[in-house]
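Every letter in the sequence shown is one number past the one before it in my numbering, and letter 10, counting from 1, is 30.
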Amino acid sequence: MPDALQPDPTVKASRPVHFDWKDVDDDSGVTYTLQVATNDKFEDILVEKEGLTASEYTLAKDEDLESVIKQTPYFWRVKAADSAANESDWSEAGSFYLGTVLTLPNGETDLRMSALVVYIAGALLAGAIAGAFFLGRRFSRRKIIITNGPFPALRQPEHKELDVYS
């Protein structure tokens, strides 16, 4: 009977999910069957791969699973069969969970790109807040500053101050 090794149930699995289990040795050759389900009784099987010749498998893009929290993980198990169709018992069920993936408008899920988008959005928000604070301070002095460009930090701006009468 193969022993489940990976993914580790204590940490969030990365995408694509990679499964690994201990090899079973048999002179006639061995194939494996892998199952992934929503519960530990395997009543709702989401992925079933039969005839695997290696003791590992990575989910294909079309087999991608929904994100789930640690308290409601996915379960997986594997069994071996030799060339005479003798099957082992199922391995002990392993479990894993997947966190949320940020999907960009173009469908990409590259986390480096996602981090860049979050960084840029944060920088724009910080700039808007700083700009509002700057204008607020200027208005409290009863002056309006008119600047000749959207990026005054990149060049020497020309500006005028106008007195505001209340």
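Using N, Cα and C, we set each Cβ at its ideal position, and we do this for glycine too.
Beta-carbon within less than 8 Å of Lys99's beta-carbon, same chain only, minus the 5 sequence neighbours each way: which residues are those? Around Lys99, the same chain offers Met21, Pro22, Tyr52, Thr53, Glu107, Ser108, Asp109, Trp110 and Ser111 as residues with beta carbons nearer than 8 Å, after the five sequence neighbours per side are excluded.
Let me know the beta strand (DSSP E) ranges lying completely inside the stretch 23 to 56, each 3 residues or longer, listed in chain order. Segments of the beta strand (DSSP E) lying fully in the stretch 23 to 56: 24 to 26 and 38 to 41.
- Query: Would Ala33 be called buried (16 or more neighbouring beta carbons within 10 Å of its own) or exposed?
  - Reply: buried
>> Helix, strand or coil for Asp82? Go by DSSP, reduced to three states.
In response: Residue state, collapsed to three classes: helix.
Legend entry - Three-state secondary structure (DSSP) of Leu131: Residue placement at Leu131 is poorly supported in this model, since its pLDDT is 47, which falls under 50; the coordinates still yield a value, given next. Three-state DSSP puts Leu131 in a helix.
Label Gly71 either buried or exposed according to how many other C-beta atoms from any shown protein chain fall within 10 Å of its C-beta, with 16 as the threshold for buried. exposed
Check: For Asp46, which option in Phe116, Ser103, Gly119 and Glu68 has the closest C-alpha, if you only look at C-alpha atoms?
Finding: From the listed residues Phe116, Ser103, Gly119 and Glu68, the smallest Cα separation to Asp46 is found for Ser103.
Checklist line | The beta strand (DSSP E) enclosing Ile65, as first and last residue numbers | finding: Ile65 to Leu72 is the span of the beta strand (DSSP E), which, as asked, contains Ile65.
* To do: Identify, in the order they occur along the chain, each residue of the same chain with its Cβ nearer than 6 Å to the Cβ of Gly49, setting aside the five sequence neighbours on each side.
  => Ser103
message: Which same chain residues end up closer than 6 Å to Met79 when comparing Cβ atoms and leaving out the 5 residues on each side of it in sequence?
response: In the sequence on display, residue 79 carries Leu and not Met. If we look at Leu79 and ignore the five residues flanking it on each side, its Cβ neighbours are Pro36 and Val37.
What is the rounded straight-line gap between the Cα of Pro29 and the Cα of Phe116? 5 Å
* Return the CA-CA distance between Lys42 and Val88, expressed in angstroms with no decimal places. => Cα-Cα distance, rounded: 26 Å.
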